[in-house]
Amino acid sequence: MDENAPLAECLSVSRRFGGFTAVDGVDLRLGRGEVVGLLGANGAGKTTLIRMLLGLLPATAGQVRLFGGPPSRQARRRVGYVPQTLGLYDDLTAAENLAFSAAVFGRGAQAPLPGWLHGYRRVLVGDLPLGIQRRVAFAEALGHGPDLLILDEPTSGVDPLARARLWETIADAARAGAGVLVTTHYMDEAGECGRLVIMAAGRVVAAGTAAQITGDTRVSVVDTGTWAAAFAALEAAGLPVALAGRTLRVPGASPAAVRQALGPVDARVTEAPATLEERFFQLTAAGARVGRPDPVRKEAG
Amino acid sequence: MNAPPPAGGWGTHAVSVRYGRRLALDQVTFRVLPGQVSAVVGGDGAGRTTLLRILSGAIGAGGGMVMRPPRIQTGYLAAGSGTYPDLTVAENLAFRAAAYRIPAAVAGPRIQAYLDRAGLLAARDRLAGRLSGGMRQKLGVIAAMLHEPALLVLDEPTTGVDPVSRADLWSLITQAAAAGAAVVFATSYLDEAERAAHVLVLAEGRELAAGSPEQIVAAMPGRVVAAATRPPGPAGMRSWRRDGRWRVWMPDGAGDVPGGGAELVQPDLQDAVTVAILAREPGASPAPATSGTATSGTATGKEG
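In order, the protein sequences belong to chains A and B. The first sequence begins at 1428 in the working numbering and counts up by one. The second sequence begins at 27 in the working numbering and counts up by one.
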């Protein structure tokens, strides 16, 4: 296989469930050593897309290619996958989980237990701290040296140092040549991804680096001694307002408009660059307006 | 009418809790002020849930003092629950309103307003068990704040919740604080904690840092630098990945980063909390004189 050929590729891929379109004409390309972040609200179509890449769900239209061919069982042996639920057996120890996975992937000789697991040798996975469980799931997914890693919310619920350690593992795998597709709800992690793909209502609404996606979007910032009064005034004016400490941030409204909406409330209104999260809201709100009123049905995707 | 909080707000003073041989909370002091959002952060097993259970009145403290309003004036959302899966959204809230004896004429419009704010109006006749995780959490928060409690205690309302539902949850939380409630929530998202007025960082049942996000950052010992690669030697032990680069904690007296090319960064809450966690790890401190028992309180920046 050509070194520069994509590991995974979606060409105008759609997936419908009855009359509902979960994924709608998505193009995606993932190369060697790349870390691509897939962002989107629940129901945006991320999980459906991942299932198609894993060959668990056929596309209704378009083409899904894994290592240059269809996502066959053979191709799947080259993929490491960590689902949101981690996919570990709670009533086995970490070593037993790793041994079982090694046997499934046909690796006879088991690698020695990683040093950080020694202290937990006799503990069942269900009793391990969440951060350790996540590391075990990573070790299992990486055990067979996959060319493609697919990680669904890999760092949810762990402290910042444990999160950074997990990203270290992801970056090491990418440096060794694996392609990584990772979903996250935590915008701060977007900085670890070389490229981001933002989905809303089944479509890709933005793609590029975090800086490219945020661009020069700006928000209004309200500094006031009476934030509750300012909050009420801005809400009454129908503006989207978010509390940050004792200041308020208003995306999508100019300082002049915010000043006017505040009326008699004593406040200083300035402008600041938008965060990726604020830009994300604008993009996904615009994407969601295109259709799909039923979020529960979306979840089914 | 809600009872006024004691001077200094609701909270705990030197509270300890023991589960069997394990000390879940060790002398923790925490203040929650009315009209303010406070955050409790920490990893798995840090003691967040125990502290919030104490504040909600669900469990008692083994030692220390707890200042909390009567149960009827407290709203509590436990982690991962708080709704009845086989009742609809509307039935869940009607049941809660009846339990708190909110008159129907008050409850009806209030439920309507909260559902609207949370983007849940279209889902009012759906079974709670059929909601997405984010929607279920929003329903749980509405149920906890429906009786306009003086103290609103939310255990991880946003963990695993997508950013759009998180924004809705923040809108609800902000609404409660704007109406005068003391709001406290547990989270593992540091960017979210940074939006709180007061933050308590816990690790293994102990306070690691406390204060406003700015105070916690200001109290961080040493400096944080950014480098393209992980530095060799002891500095490497004090490094962590962030934004595709390496952050390195340089405690006072640690000298320069080996290898050069590192630049000083203005730390934020995430850096300060990471440093506080790192400072407790064996081998992370620069010299034997400052390692061991001295490290646990180094990042503490208490108010007042």
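Even for Gly, the Cβ is constructed at its ideal location relative to N, Cα and C.
Fewer than three beta-carbon pairs drawn from the stretch 35–44 of chain B and the stretch 180–189 of chain B are found closer than 8 Å, and the two stretches are therefore not classed as touching.
When secondary structure is reduced to three states using DSSP, Q62/B falls in the strand class.
When DSSP assignments are scanned along the stretch 1477–1546 of chain A, the uninterrupted stretches of alpha helix (DSSP H) that are 4 or more residues long and fall wholly within it turn out to be 1500–1503 and 1521–1531.
Membership of T200/B in the alpha helix (DSSP H) is indicated by the continuous run P189 to A204. Taking 8 Å as the Cβ-Cβ cut-off, the stretch 1581–1614 of chain A approaches chain B at S1583, G1584, V1585, D1586, P1587, L1588, A1589, A1591, R1592, W1594, E1595, A1598, H1612, Y1613 and M1614, given in chain order. Under DSSP, W266/B shares a beta bridge with R273/B. Between the alpha carbons of L1588/A and L304/B lies a distance of about 8 Å. Cβ-Cβ distances below 6 Å link W272/B to A253, R256 and S265 in the same chain, with the five nearest sequence neighbours on each side left out; the list follows chain order. Neighbourhood of P239/B in chain A, by CB distance below 7 Å: G1672, in chain order. Apart from sequence neighbours up to five positions away, the residues of its chain that approach L147/B with a beta-carbon distance below 8 Å are Q138 and L141, ordered along the chain.
Around D1586/A, the same chain offers G1558 as residues with beta carbons nearer than 8 Å, after the five sequence neighbours per side are excluded.
When DSSP states are grouped into helix, strand and coil, R150/B belongs to the coil group. Excluding sequence positions up to five before and after G1621/A, its CB lies within less than 6 Å of the CB of E1461 and V1462, all in the same chain and listed in chain order. Q53/B and A235/B have their C-alpha atoms some 13 Å from each other.
Within chain A, H1612, Y1613 and D1615 have C-beta atoms less than 9 Å from the C-beta of Y215/B, given in sequence order. Here G248/B is near A280/B, since their CB atoms are less than 8 Å apart. Counting every other CB atom within 10 Å of its CB across the protein chains shown gives Y45/B a total below 16, marking it as exposed.
Taking 7 Å as the cut-off between beta carbons, the residues of the stretch 263–284 of chain B near chain A are W266, R267, R268, D269 and G270, in sequence order. Secondary structure at Q53/B: strand, using DSSP grouped into helix, strand and coil. Neighbourhood of A1468/A in chain B, by CB distance below 9 Å: G160, D188, P189, V190 and S191, in chain order. A1669/A belongs to the set of residues whose beta carbon lies under 8 Å from a beta carbon in chain B. Residue contact with chain A for V63/B: present (Cβ-Cβ distance below 8 Å to some residue of chain A).
N1469/A counts as buried, since at least 16 other C-beta atoms from the protein chains shown sit within 10 angstroms of its C-beta.
In this structure, L1480/A keeps its C-beta atom at 8 Å or more from the C-beta atom of A1521/A. Pairing V251/B with V291/B, the inter-Cα distance amounts to about 5 Å. Separation of G270/B and R1592/A (C-alpha to C-alpha, rounded to the nearest whole angstrom) is 12 Å.
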